[in-house]
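Below: one structure, written as structure tokens.
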Amino acid sequence: MLRLDRVSAGYGRAQVLRHLSLEVAPGEILCLMGRNGAGKTTCMQAIMGLLPLMSGRIWLDQTELSALPAHRVPRAGVGYIPQGRRLFAELTVAQNLEIGLMARDSGPEVREEVLDLFPRLRERYHQRAQTLSGGEQQMLATARALCLRPRALLLDEPAEGLQPSMIAAIREVIVRMRDDGVAVLLVEQRVDSVLEVADRVAFIENGQGGAVMPAEALRANHAIIDRYVGV
Amino acid sequence: MDLGPYLVLATLEGAVTAAVLALTAVGLSLVFGVMRVVNIAHGEFFMLGAVIAWAIAQAVAGYPAVGFALALVAAPLIVGALAVAADMTILKRLEYDPERTIVATIGLLYIIQQLTLMGYGPDARPVTPPFNTRLAIPWFEKGADGWALIWPWGLGTTSYKLAVIGAAVVILCAVWALMARTRIGLVMRATQADREMALAFGIPVERVYALVFGLGAGLAALAAVLIVPIQQAHYLMGADPLLLSFIVVIIGGLGSLPGTVVAAVLIGLSDGIISVFFSPTLAKILATLLVGLVLVFRPQGLFGGRGA
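What follows is the structure, given as structure tokens:
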């Protein structure tokens, strides 16, 4: 269970998150929705310890993530797939995965598992990350995070700028992680793709938590979505 | 003696300069590349290496080779440890802010320099080289009966100078192997590529920074130990290596190690050759001019990839 308890955070003096509370259960995909600038990415950075919290706490099961220095957060079992992928561009596919494996001392069998999920990466194994196509880069970013064998997975707009076949491949992996009992927190802009995978949807507005509801309810009633993210 | 032998002599002298410069500049480049810190105190770490080498050689007087070997190991370690301490007590507290670290390392420069003046004094002191055989270099000359091998007077070098060049090549290869082939090198390159993502994948960035700062200073100290039997130790000797290292790092491309080495060879050799044929001042003028041209026409440096 990944739990945010009244978290406030921001950049310097500019506060972005205001008393945001969230819960993501193991084996669940919670989708965070909101307009641009609502604080979705900030929320992920706060979980990773990349931003100092102004107040509040973040827990993963019994571990208080917000009490750990940033580099210990992934070791507690949080995998992060950031917006824009942010691979180690000059390193090869193999080396990017190696960094992921080192984070929690995962064994070589984890590498094989991850490469089985993304066979394309096996073909590109010794290529530099920056020479991959956008879809392959997203696969690598996902694979790198899965190398941690995460208990919680944070995905920040994984489908951005990808062709439909790639989006489908990545969605398949996300669902598989969920079925393996990983708590998945997903930030996604496109409503239809959210409704396809999400179990619950949490809305965020001006850094504050809004309604949290089962995706079922939204599939039945689109009006709620329009209220939060409509233009 | 005609032009040829002079050129050989100048090239050899230049190669010694280039070897020492490459080591010093790679240290600076590593620190800038990984930490984005412009270390103005780099030349003082170089100077400390030389002064510590003298102190160690003094302590085991009578056995120059033993003293030198000891200095070669101990001086870089001591200087590296000092740099790690400086990183943890000063740079870390400034959160590695690019501007504030410049001012902080300027302060560090004066502290190290003045403490050395107080402790070691203003004299230039020599360290005996562990070996120093004079080697004459042959040359070809067309005499009355065709080409003949001659030994021009004054054309020669010493075994120690050749050893400096060899040692620098070995150390540079070791640095390359460290960066390209080891786990810690991988961690350093990942930190260089994206500090935040390194943190997000469990890399203790602060420890990596301390290590890199120590390694950079250690390389400068190592270069100084190698050169001190040729140049003597002095508390102001850090200024020239600092300037030349910056020239080399800018020409080679900030943070690019291969670029740094190539630029060091270029600057070191041209410095040697121009100094012999014209004047050392002209060599510095041309090197600085080259920096200006590089900054205008290729600001990322000859081998730099993305903008710094």
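Chains as they are written, first to last, in my numbering: chain A, 8 to 238; chain B, 26 to 333.
Ideal Cβ positions, reconstructed from N, Cα and C, are used throughout, including at glycine.
Predicted model, so just to flag it, every value in this text is computed and none were measured.
- Within the stretch 246-296 of chain B, the complete alpha helix (DSSP H) segments at least 4 residues long are 264-277, listed from N- to C-terminus.
- Contact with chain B is absent for G141 of chain A, since none of that chain's Cβ atoms lies less than 8 Å from the residue's Cβ.
- Assignment of L39 of chain A by DSSP, reduced to helix, strand and coil, places it in the strand class.
- Here the stretch 9-16 of chain A makes contact with the stretch 54-64 of chain A; the two share three or more CB pairs at distances below 8 Å.
- In the structure shown, V191 of chain A falls within a strand segment according to DSSP collapsed to helix, strand and coil.
- Within the same chain, Cβ atoms closer than 8 Å to the Cβ of L98 of chain A are found at I106, R135, A136, the five residues on either side in sequence being excluded.
- In the structure shown, I162 of chain B falls within a coil segment according to DSSP collapsed to helix, strand and coil.
- Residue pairing by DSSP places T70 of chain A opposite A:L67 in a beta bridge.
- Chain order gives the chain A residues near A215 of chain B as F95, L98, I106, where near means a beta carbon separation below 7 Å.
- By the criterion of a C-beta distance shorter than 6 Å, P101 of chain B is surrounded in its chain by G243, A246, L247, once the five residues flanking it on both sides are discounted.
- Closer than 8 Å to the CB of R82 of chain A there is at least one CB belonging to chain B.
- Scanning chain B for C-beta atoms nearer than 9 Å to the C-beta of Y87 of chain A yields M222, A225, F226, reported in chain order.
- Annotation: M55 of chain A is outside any beta strand (DSSP E) and is labelled neither H nor E by DSSP.
- Pairing N103 of chain A with R151 of chain A gives a Cβ-Cβ distance under 8 Å.
- Remark: C-beta atoms of T141 of chain B and N157 of chain B do not approach each other more closely than 8 Å.
- Per DSSP, reduced to three states, the secondary structure at A66 of chain B is coil, with no helix or strand assignment.
- In this structure, V191 of chain A lies near L37 of chain A, with their beta-carbon atoms less than 8 Å apart.
- Between the alpha carbons of V85 of chain A and L251 of chain B lies a gap of roughly 48 Å.
- At a C-beta separation below 9 Å, D219 of chain B has these neighbours in chain A: R93, L94, F95, A96.
- Per DSSP, L55 of chain B has no beta bridge partner at all.
- Note that the C-beta distance between A90 of chain B and P155 of chain B is below 8 Å.
- Nearest to D27 of chain B by alpha-carbon distance, out of B:V316, B:F302, B:A308, B:M72, is B:F302.
- If you draw a straight line from the Cα of G280 of chain B to the Cα of V212 of chain B, it is about 16 Å long.
- Among the residues facing chain A, L180 of chain B is not included, as its CB has no counterpart in that chain under 8 Å away.
- Rounded to whole angstroms, the gap between the alpha carbons of V56 of chain B and R208 of chain B is 18 Å.
- Nearest in C-alpha terms to E69 of chain B, of all of B:V152, B:A96, B:A111, is B:A111.
- Of the other Cβ atoms in all chains shown, 16 or more fall within 10 Å of the Cβ of L39 of chain A; this residue is therefore buried.
- Sequence-distant Cβ neighbours of G284 of chain B in its own chain, meaning closer than 7 Å and more than five residues away, are G277, G278, G326, L327, F328, G329.
- At least one CB atom of chain B sits nearer than 8 Å to the CB of R111 of chain A.
- Separation of V104 of chain B and L73 of chain B (C-alpha to C-alpha, rounded to the nearest whole angstrom) is 7 Å.
- Contact annotation: in the stretch 30-59 of chain A, residues whose CB is within less than 9 Å of a CB in chain B are Q52, M55, G56, L57.
- Shown here, T42 of chain B sits in a helix according to DSSP, grouped into three states.
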